[in-house]
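Residue numbers (our numbering): 50 to 336. We treat Cβ as the ideally placed atom computed from N, Cα and C, and that holds for glycine. These notes concern the structure reproduced below.
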């Protein structure tokens with residue numbers, strides 16, 4: 050009922066299963082077909098979150114612009130020992146705010162049959178809701194968040210099926226280890242909520258290209274990116290005292306004549322201190 054009546058829903062759970070989607074599907078479709086916002090963040094572990102559920106939301110977000118779907122990379126990718134394990138449900142309508150936090154994942158068992166414990170806050174004045182929304186946003190705006198696509202799903206499905214048959218054997222399988230490593234590299238290239246410096250440079254030059262300007266100066270890039278991270282309130286994700294050095298480093302690393310490892314040849318240096326986009330840069334869609 051909360052989902053069906055919500056105008057803005059945000060959910061972050063450790064695990065997602067297709068069985069859980071079937072429980073909420075009718076309410077979900079009624080909500081998004083009215084144009085209401087729905088946003089979901091899920092964890093990936095190759096064992097619980099199933100490929101069918103990921104495929105469902107990839108297709109749904111492609112069909113509905115008001116649906117956002119994100120995945121949280123594993124603890125190796127987020128460079129900490131943190132395991133992604135939240136269960137936060139936030140529902141907002143025109144009359145009140147409802148927030149749920151506890152043990153329930155978005156699975157059939159979690160929603161229907163398991164012994165779960167949750168706290169539900171229904172408020173006119175969103176005190177607890179605001180606190181939980183702040184926690185939700187702290188999850189959403191991290192470098193571990195990425196938007197999965199069909200190519201990523203293929204790799205995840207392969208690994209998931211092997212883990213399901215024999216987890217111990219899968220962990221020792223060199224072929225599976227290689228696939229997982231490739232997936233981790235893929236995660237870093239997929240779009241996320243925190244833009245990389247290179248993607249912000251690409252976005253800025255593209256915005257100038259749309260106005261008929263082919264090349265931009267280095268000082269223009271500095272100012273544009275500094276304004277963007279301030280406007281988007283994401284300064285805390287970057288080292289501000291060396292931010293301009295990082296911009297120069299990314300331009301050099303991804304310059305078309307650079308031979309550095311993993312360089313993507315996105316930028317072309319024109320004269321001294323001016324840059325334009327290469328073919329790769331004009332077609333770049335990653336983080």
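1. Taking the beta carbon of residue 50 as the centre, do at least 16 other beta carbons fall within 10 Å, making it buried, or is it exposed?
2. If you draw a straight line from the C-alpha of residue 145 to the C-alpha of residue 281, how long is it?
3. For residue 153, which residues from the same chain have a beta carbon less than 6 Å from its beta carbon, with the 5 sequence-adjacent residues on both sides left out?
4. Once you ignore the five residues that flank residue 76 on each side, which residues in its own chain have a CB closer than 7 Å to its CB?
5. Taking the Cβ atom as the reference point for each residue, do residue 70 and residue 105 lie within a distance shorter than 8 Å?
6. Under the assumption that residue 150 contacts residue 120 (Cβ atoms under 8 Å), give the Cβ distance between them as a whole number of angstroms.
7. Just to confirm, are residue 13 and residue 148 a CB contact at a threshold of 8 Å?
8. Which whole-angstrom value describes the C-beta separation of residue 122 and residue 66, a residue pair presumed to lie in contact below a C-beta threshold of 8 Å?
9. Terminal residues of the continuous beta strand (DSSP E) containing residue 316?
10. CA-CA distance, residue 302 and residue 197?
11. Among residues of its own chain, excluding the 5 on either side of residue 287, which ones have a beta-carbon nearer than 8 Å to its beta-carbon?
12. Out of curiosity, what's the CA-to-CA distance linking residue 169 and residue 56?
13. Nearest by alpha-carbon distance to residue 184: which of 62, 307, 222, 322 is it?
14. Just reading off the alpha helix (DSSP H) that residue 286 is part of, what are its end residues?
15. Can you look up residue 63 in the DSSP assignment and give me helix, strand or coil?
16. Could you tell me the distance, in whole angstroms, from the CA atom of residue 231 to the CA atom of residue 238?
17. Is the number of C-beta pairs between the segment 250-258 and the segment 267-274 that are closer than 8 Å three or more?
18. Bridge partners for residue 342 per DSSP, in chain order?
19. In chain order, which continuous runs of the beta strand (DSSP E) of length 3 or greater are located wholly inside the segment 146-177?
20. State the start and end residues of the unbroken beta strand (DSSP E) segment that holds residue 132.
21. State the Cα-Cα distance for the pair residue 267 and residue 235, rounded to the nearest angstrom.
22. Output needed for residue 103: all residues of its chain with C-beta closer than 7 Å, excluding positions within five of it in sequence on either side, in chain order.
23. Once you ignore the five residues that flank residue 113 on each side, which residues in its own chain have a CB closer than 6 Å to its CB?
24. Does DSSP put residue 77 in a helix, a strand or coil?
25. Taking the alpha carbon of residue 323 as the reference point, which residue from 265, 60, 213 has its own alpha carbon closest?
26. Looking at C-alpha atoms only, which residue of 207, 220, 138 is the closest neighbour of residue 180?
Per the coordinate set shown:
1. As a working mapping, residue 50 is identified with position 1 in the chain shown. Per the 10 Å Cβ criterion, exposed.
2. Sequence index remark: in the chain shown, residue 145 carries index 96 (1-based). Sequence index remark: in the chain shown, residue 281 carries index 232 (1-based). In a straight line, the C-alpha of residue 145 is about 27 Å away from that of residue 281.
3. Working through the chain shown from its first residue, we reach residue 153 at position 104. Correct list, in chain order: 136, 159, 165, 167.
4. As a position in the chain shown, residue 76 is number 27, starting the count at 1. Closer than 7 Å at Cβ, skipping near neighbours: 52, 53.
5. Within the chain shown, residue 70 is the residue found at index 21, counting from 1. Within the chain shown, residue 105 is the residue found at index 56, counting from 1. Closer than 8 Å, so yes.
6. Numbered from its first residue, the chain shown carries residue 150 at position 101. Numbered from its first residue, the chain shown carries residue 120 at position 71. The Cβ separation is near 21 Å, so there is no contact.
7. The requested residue 13 does not occur in the structure, where the chain is confined to residues 50 to 336.
8. To locate residue 122, count along the chain shown from 1; it is residue 73. To locate residue 66, count along the chain shown from 1; it is residue 17. The Cβ separation is near 19 Å, so there is no contact.
9. Numbered from its first residue, the chain shown carries residue 316 at position 267. Taken as a continuous stretch (DSSP letters only), the beta strand (DSSP E) holding residue 316 covers 316-319.
10. Taking the first residue of the chain shown as 1, we reach residue 302 at position 253. Taking the first residue of the chain shown as 1, we reach residue 197 at position 148. Straight-line Cα distance between these residues: approximately 26 Å.
11. By one-based count along the chain shown, residue 287 stands at place 238. 246, 278, 295, listed in sequence order.
12. The sequence position of residue 169 within the chain shown is 120, counting from 1. The sequence position of residue 56 within the chain shown is 7, counting from 1. Taking the straight line from one Cα to the other gives about 18 Å.
13. On the chain shown, position 135 is the one that residue 184 refers to. Checking every option, the nearest Cα to that of residue 184 belongs to 62.
14. Residue numbering aside, residue 286 sits at position 237 when the chain shown is read from its first letter. Segment: none, residue 286 is in no alpha helix (DSSP H) and carries neither H nor E.
15. Within the chain shown, numbered from 1, the residue matching residue 63 stands at position 14. It is coil, neither helix nor strand.
16. Here residue 231 refers to the residue found at position 182 of the chain shown. Here residue 238 refers to the residue found at position 189 of the chain shown. Roughly 11 Å between the two C-alpha positions.
17. yes
18. Lying outside 50 to 336, the shown extent of the chain, residue 342 is not represented and no answer is given.
19. 146-151, 167-172
20. Within the chain shown, the letter at position 83 stands for residue 132. Premise fails: residue 132 is in no beta strand (DSSP E) and is neither H nor E.
21. Taking the chain shown and counting its residues from 1, one reaches residue 267 at position 218. Taking the chain shown and counting its residues from 1, one reaches residue 235 at position 186. About 29 Å.
22. Residue 103 sits at position 54 when you count from the first residue of the chain shown. The residues are 197, 202, 205.
23. If you number the chain shown from 1, residue 113 lands on position 64. So the list reads 81, once near-sequence residues are dropped.
24. Counted from its first residue, the chain shown places residue 77 at position 28. In the structure shown, residue 77 sits in a helix (DSSP, three-state: H, G or I).
25. Position 274 of the chain shown, counted from the first residue, corresponds to residue 323. Closest option to residue 323, Cα to Cα, is 265.
26. Translated into the one-based positions of the chain shown, residue 180 becomes position 131. Among 207, 220, 138, the Cα nearest to that of residue 180 is on 138.
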